[in-house]
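Numbering (this note's numbering), first residue to last: 664 to 991. Step one of this worksheet: look at the structure below.
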Amino acid sequence: MADGRTALVTGGAGFIGSHMVDRLLELDYKVVVMDNLSTGKIKNLNSGAVFHHTDLTQPAMAEIIQREQPDLVFHMAAQTSVTQSTKDPIGDANANVLGTLRVLEASRRVGVEKIIYSCTGGALYGDPETIPCPDDAAIAPVSPYGMSKWVAEQYLAFYFRQYRLNFTSLRYGNVFGPRQDPNGEAGVVAVFSLAMLEGKQPQIFGDGTQERDFVSVFDVVDANIAAIGRGDGMAMNIATGEVTSVNRIFQMLRSITGYKWGPLHAPQRTGEVYRIALDWSRAARELNWSPKINLEAGLQMTVDYFRESMNLSGNLSGNSGGGVPSAG
Ligand SMILES: NC(=O)c1ccc[n+]([C@@H]2O[C@H](COP(=O)([O-])OP(=O)(O)OC[C@H]3O[C@@H](n4cnc5c(N)ncnc54)[C@H](O)[C@@H]3O)[C@@H](O)[C@H]2O)c1
Numbered sequence: 664m665a666d667g668r669t670a671l672v673t674g675g676a677g678f679i680g681s682h683m684v685d686r687l688l689e690l691d692y693k694v695v696v697m698d699n700l701s702t703g704k705i706k707n708l709n710s711g712a713v714f715h716h717t718d719l720t721q722p723a724m725a726e727i728i729q730r731e732q733p734d735l736v737f738h739m740a741a742q743t744s745v746t747q748s749t750k751d752p753i754g755d756a757n758a759n760v761l762g763t764l765r766v767l768e769a770s771r772r773v774g775v776e777k778i779i780y781s782c783t784g785g786a787l788y789g790d791p792e793t794i795p796c797p798d799d800a801a802i803a804p805v806s807p808y809g810m811s812k813w814v815a816e817q818y819l820a821f822y823f824r825q826y827r828l829n830f831t832s833l834r835y836g837n838v839f840g841p842r843q844d845p846n847g848e849a850g851v852v853a854v855f856s857l858a859m860l861e862g863k864q865p866q867i868f869g870d871g872t873q874e875r876d877f878v879s880v881f882d883v884v885d886a887n888i889a890a891i892g893r894g895d896g897m898a899m900n901i902a903t904g905e906v907t908s909v910n911r912i913f914q915m916l917r918s919i920t921g922y923k924w925g926p927l928h929a930p931q932r933t934g935e936v937y938r939i940a941l942d943w944s945r946a947a948r949e950l951n952w953s954p955k956i957n958l959e960a961g962l963q964m965t966v967d968y969f970r971e972s973m974n975l976s977g978n979l980s981g982n983s984g985g986g987v988p989s990a991g
């Protein structure tokens with residue numbers, strides 16, 4: 664399938680990016696990664712990939728793209744914290760808007776075939792009127808993160824119209840699975856799983872009735888692969904269409920891990936959506952994609968991963984086990 668082609672994965676040392684790298688290597692692509700390791704980790708990264716420790720906000724990144732001449736770009740690097748974006752919207756836009764613009768400009772110059780962009784569905788539509796939220800619902804972000812991801816998507820559409828640089832933008836729900844950072848902000852499944860395995864009390868921000876659309880990282884990787892040859896010049900939701908409350912996630916993980924206690928509660932955070940699920944009918948039609956991994960099985964895989972990592976390296980957590988139900 665790869666035919667000697669080169670795929671660049673920006674953010675390839677991160678949670679979703681590292682799984683993308685694994686899959687592309689399996690498919691025989693030459694894989695190049697650009698990552699500043701701000702949240703990504705070398706231990707996530709497959710040794711079969713060529714790694715450039717670089718920041719997309721720096722002009723030197725263009726020289727790397729020039730040298731590597733990728734055929735495909737999976738643009739996954741981003742400032743991913745909703746909370747951080749509310750504290751520093753300029754830093755967020757620098758990484759997510761200007762960083763993307765640098766990727767686009769460098770890609771155009773070397774004649775990249777297609778860019779597949781990791782956008783957000785969870786943080787793009789605000790609290791939508793219709794659930795599951797259709798692909799063409801009004802855009803109404805409630806965080807600078809949602810804005811910056813949206814503006815970057817608009818730049819992709821502009822480069823497509825203006826320069827015929829092909830793209831697909833995939834708007835994810837709340838992605839979860841192995842390797843998600845349990846010390847990060849958005850990964851409520853990772854945060855709860857690890858805290859429960861370590862016997863620490865997980866913290867829920869708000870009352871836990873807020874609902875999200877949880878999609879497995881493996882389904883997200885499948886969607887990226889499907890987008891290599893389909894869905895040109897389009898944006899679409901990648902999710903399950905199902906709402907699941909944070910309390911339900913807590914209960915499911917409780918029974919998988921055998922944890923015995925209840926959660927701690929902390930005040931709701933700003934910039935968080937209350938209730939969302941995403942309609943994925945455009946992805947079904949255009950990419951012939953559907954989510955394959957049900958929530959129960961996906962949670963079990965995630966807990967298994969953390970259990971194994973703990974056995975290998977002891978205590979993994981760097982904080983008290985607090986979990987933020989971010990909208991991704
Ligand atoms: N995880 C989710 O639920 C979710 C939902 C919707 C969209 N997304 C999007 O998917 C992509 C991947 O997210 P993730 O969950 O794997 O997060 P992550 O934080 O694990 O991955 C992001 C990666 O980008 C790198 N990075 C950040 N800023 C960079 C910069 N300026 N230059 C170079 N590298 C940089 C980080 O070191 C990290 O490896 C992001 O674009 C995110 O916005 C994620």
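Here a beta-carbon is modelled for each residue, glycine too, at the ideal position from N, C-alpha and C.
Excluding the five sequence neighbours on either side, which residues of its own chain have a C-beta within less than 7 Å of the C-beta of residue i, listed in chain order?
| i | result |
| --- | --- |
| G991 | At G991 the pLDDT is 44, less than 50, meaning the model places this residue with poor confidence; the figure from the coordinates comes in the next sentence. Once the five neighbours on either side are set aside, the close Cβ partners of G991 are T783, G785, A786, Y835, G836, N837, V838, A849. |
| S806 | V745, S748, T749, A786, G934 |
| Q931 | F868, G869 |
| A803 | Y788, G789 |
| T717 | M697, N699, A723, M724, I727 |
| N887 | M683, F737, I779, L833 |
Pull the bridge partners of residue i from the DSSP assignment, please.
| i | result |
| --- | --- |
| F992 | No statement about residue 992 is possible, as the shown extent of the chain runs from 664 to 991 and does not include it. |
| H715 | M697 |
| I901 | Y835 |
| H738 | T673, Y780 |
| R938 | E874 |
Report back the beta-carbon spacing between residue i and residue j to the nearest angstrom; my notes put them in contact at under 8 Å.
| i | j | result |
| --- | --- | --- |
| M915 | E959 | 7 Å |
| M739 | T669 | Contact flag wrong, Cβ pair sits at about 16 Å. |
| H715 | I727 | 5 Å |
| G862 | P926 | Not really, about 14 Å apart at Cβ, beyond 8 Å. |
| F855 | I919 | That pair is no contact at about 10 Å. |
| M964 | P865 | Going by Cβ atoms, the distance from M964 to P865 rounds to 19 Å, so no, they are not a contact pair. |
| Q909 | V851 | Here residue 909 turns out to be Val, not Gln, going by the sequence shown. At roughly 6 Å, the Cβ-Cβ gap stays under 8 Å, so V909 and V851 are in contact. |
Cutting at 8 Å between CB atoms, please list the residues of its own chain near residue i, excluding the five before and the five after it.
| i | result |
| --- | --- |
| L688 | V694, N709, G711, A712 |
| L767 | I778, Y818, L819, Y822, L828 |
Over what stretch of residues does the alpha helix (DSSP H) that includes residue i continue unbroken?
| i | result |
| --- | --- |
| V773 | 762 to 773 |
| V909 | 909 to 920 |
| D790 | Where D790 is concerned, there is no enclosing alpha helix (DSSP H), given that its DSSP letter is neither H nor E. |
| K750 | 745 to 750 |
| I679 | 678 to 689 |
| L708 | Per DSSP, L708 belongs to no alpha helix (DSSP H) and is neither H nor E. |
| R948 | 944 to 950 |
| E731 | 724 to 731 |
| A858 | 851 to 860 |
What span of residues does the beta strand (DSSP E) with residue i cover, start to end?
| i | result |
| --- | --- |
| S879 | 877 to 879 |
| P757 | Note on identity: in this sequence residue 757 is Asn, with Pro being the wrong assignment. First-last for N757: undefined, no H or E at that position. |
Using a Cβ-Cβ cutoff of less than 6 Å, which residues in the same chain neighbour residue i once the five nearest sequence positions on both sides are dropped?
| i | result |
| --- | --- |
| A853 | Q843, P845 |
| P752 | P807 |
| G675 | V684, V696, D698 |
| F969 | S856, L857, L860 |
**Asked** Does the pairing of the stretch 774 to 782 with the stretch 824 to 831 give three or more beta-carbon distances under 8 Å?
**Response** At 8 Å Cβ cutoff, the stretches touch.
**Message:** Tell me whether the stretch 942 to 950 and the stretch 793 to 801 touch, counting them as touching only if at least three CB pairs, one residue from each stretch, are closer than 8 Å.
**Reply:** Inter-segment contact for the stretch 942 to 950 and the stretch 793 to 801 is present: three or more beta-carbon pairs are separated by less than 8 Å.
**Segment contact, 8 Å Cβ cut-off, at least three pairs: the stretch 888 to 896 with the stretch 945 to 954** = Of all C-beta pairs linking the stretch 888 to 896 to the stretch 945 to 954, three or more are shorter than 8 Å, placing the two stretches in contact.
**Asked** So does the stretch 755 to 762 actually touch the stretch 810 to 819, counting three or more Cβ pairs closer than 8 Å?
**Response** By the Cβ criterion, the stretch 755 to 762 is in contact with the stretch 810 to 819, since at least three pairs of Cβ atoms, one from each stretch, lie closer than 8 Å.
**Request:** Flag this pair as touching only if the stretch 900 to 911 and the stretch 875 to 886 have three or more C-beta atom pairs under 8 Å; answer yes or no.
**Result:** Segments in contact, yes.
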